[in-house]
Amino acid sequence: MSVLDIKLDRSFDVFDSDRDGRLEKSDVIGLSDRLAESLGVAPDVVAGLRDSLADLWDTVFQRMDRNDDGWVDRQEFRAAFRARIVTDRNRVWERIRNMSNAWTELGDRDGDGMLSREEYTSLLHGMFRLPRETFDEAFNRLDADGDGQLSRDEISSAMKEYYTSEDHAARGNQFFGRL
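Numbering (my numbering), first residue to last: 116 to 294.
Here is the structure:
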């Protein structure tokens, strides 16, 4: 299995919030509700993220459903993501960047435009319910300039590498923790 396939499988798993082996719109949009709950904020506070996730579903994920059964399985996800990255890279990347910017803004609790280690860990733990320890090493790898903060550029660059790079040593591979 290629490095990109491993990362796509990991991504599938983090989006599949009910762990039933299939992605549905409720899985994807539900990430915003989980984040609101973990941050202790009202659901309307995450409306921008919810809208970005709904757009991501409508314009990217839903189109992966090749057999029109209403959900996306792991194989459809992997195959379609690879194909869309090649044929429609800019549009897919715009949707992912919009989602990334929306959740980064929510996670930036002190309003400095950056994510501290604690903000990053709380954000990803809250949305994806991965163990907090998963993100310690990831944060160190993603913090390209070593300033103890993740900028939007560092996060965008990491996400782009995560979803496109076949390089096993790419910094962005750590986005959801060690592969």
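Positions of the beta carbon are idealized from the N, C-alpha and C atoms, including for glycine.
Quick caveat, the model's predicted, so the values are computed rather than measured.
Which of helix, strand or coil DSSP assigns to residue i
{"i": "R137", "result": "strand"}
{"i": "L294", "result": "coil"}
{"i": "D170", "result": "helix"}
{"i": "V175", "result": "helix"}
{"i": "V187", "result": "strand"}
Residue i versus residue j: straight-line alpha-carbon distance, rounded
{"i": "D227", "j": "W208", "result": "25 angstroms"}
{"i": "F299", "j": "R137", "result": "The requested residue 299 is not part of the displayed model; the chain covers only 116 to 294."}
{"i": "M229", "j": "M274", "result": "16 angstroms"}
{"i": "A194", "j": "D148", "result": "28 angstroms"}
{"i": "D184", "j": "D128", "result": "19 angstroms"}
{"i": "G292", "j": "N182", "result": "32 angstroms"}
{"i": "S153", "j": "M214", "result": "18 angstroms"}
{"i": "A162", "j": "M116", "result": "37 angstroms"}
{"i": "E191", "j": "D203", "result": "17 angstroms"}
{"i": "D166", "j": "L265", "result": "24 angstroms"}
{"i": "I144", "j": "R134", "result": "15 angstroms"}
{"i": "T249", "j": "T174", "result": "30 angstroms"}
{"i": "E252", "j": "A217", "result": "23 angstroms"}
{"i": "R189", "j": "R197", "result": "12 angstroms"}
{"i": "E276", "j": "S231", "result": "21 angstroms"}
{"i": "R286", "j": "D223", "result": "22 angstroms"}
Whether residue i touches residue j by CB criterion (8 angstroms)
{"i": "G241", "j": "L150", "result": "yes"}
{"i": "L238", "j": "L245", "result": "no"}
{"i": "K122", "j": "L294", "result": "yes"}
{"i": "L221", "j": "L164", "result": "yes"}
{"i": "T236", "j": "R267", "result": "no"}
{"i": "I200", "j": "T279", "result": "yes"}
{"i": "L168", "j": "L146", "result": "yes"}
{"i": "D124", "j": "D131", "result": "no"}
{"i": "F176", "j": "V187", "result": "yes"}
{"i": "A259", "j": "E269", "result": "yes"}
Where the alpha helix (DSSP H) containing residue i begins and where it ends
{"i": "G241", "result": "232-243"}
{"i": "R224", "result": "Looking at the DSSP string, R224 is not in any alpha helix (DSSP H), and its letter there is neither H nor E."}
{"i": "N255", "result": "249-257"}
{"i": "M116", "result": "No alpha helix (DSSP H) holds M116; DSSP gives it neither H nor E."}
{"i": "D268", "result": "267-279"}
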